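In the numbering used here, the protein residues as written are 2 to 164.
Yeah, the Cβ is synthetic: ideal placement off N, Cα and C, and Gly gets one too.
This one's a predicted model, so the numbers in the text were calculated from it and none came from an experiment.
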Amino acid sequence: MAKKKRPSWDQYFLKVAMLVSERATCPRMHCGCVLVRDKRILATGYNGSIPGGKHCEDVGCWIVDNHCIRTIHAEMNALLQCSVHGVSTKGAIAYVTNMPCTNCAKSLIGAGIKEVVIFSDYHDTQAEEFFKMGKVKLRRIKMPDLLIDYDLKSFSSAKKTKK
Ligand SMILES: [Zn+2]
Ligand SMILES: [Zn+2]
């Protein structure tokens, strides 16, 4: 059997971000964010409604100025998770499936994030200018694969056990 290529740390965390984005509730964009420090995940976030709120998927988007305002964005949700649980985000890396919007970029900078890694651009944003101003390193890496392949056959934990 061919040896399976291990993903790099960047690919690993971006794959996690992609997986997290599957939980998003706004059909206009599915976005995922993973906050990492010392190769440990501090928090994850996807774009979703406020706690207890109705979902875009169920009641439609809430469009103001051509943007859906119903959801809290993935980056913000990840930061808020840290806020709720009292976790410092200082010096952490944010892995995001898409280039953050201007407001999320400013929030990441304000939360002390030192680096942002993305693999997809979002054009209606001034994030790059703010990252430059805030001295936050921005890296774009190639999307790992066209789809996430879990390769369940080689996962011992996914095998059925004989009774
Ligand atoms: Zn929406
Ligand atoms: Zn945003």
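Taking 7 Å as the cut-off, is the CB of C69 close to at least one heavy atom of ligand 1?
-> Within the chosen limit of 7 Å, ligand 1 reaches the beta carbon of C69 through at least one heavy atom.
Secondary structure of A18, DSSP reduced to three states = DSSP, reduced to helix, strand and coil, places A18 within a helical segment of the structure shown.
Whose CA, out of C57, R71, C105, lies closest to the CA of A79?
-> It is C105.
T126: CB within 7 Å of a non-hydrogen atom of ligand 1 | Outside the cutoff, so no.
Can you tell me the Cα-Cα spacing of C69 and C62, whole angstroms?
-> Whole-angstrom Cα-Cα distance: 6 Å.
Taking the alpha-carbon positions, what's the R140 to Y96 distance?
-> About 10 Å.
Could you tell me if the beta carbon of R29 falls within a distance shorter than 7 Å of some heavy atom in ligand 1?
-> Yes; taking the cut-off as 7 Å, the Cβ of R29 has a heavy atom of ligand 1 nearer than that.
Tell me whether T103 sits in a helix, a strand or coil according to DSSP, three-state version.
-> The answer is helix: DSSP assigns T103 an H, G or I state.
Are the stretch 119–132 and the stretch 40–57 touching, with three or more C-beta to C-beta distances below 8 Å?
-> Result no; under three Cβ-Cβ pairs closer than 8 Å.
Taking 7 Å as the line, does the beta carbon of C34 fall inside it for any heavy atom of ligand 4?
-> Absence of ligand 4 is noted for the structure shown, with ligand 1 and ligand 2 being the only ligands found.
DSSP state of E23 mapped onto helix, strand, coil | In the three-state DSSP reduction, E23 falls in the coil class, being neither helix nor strand.
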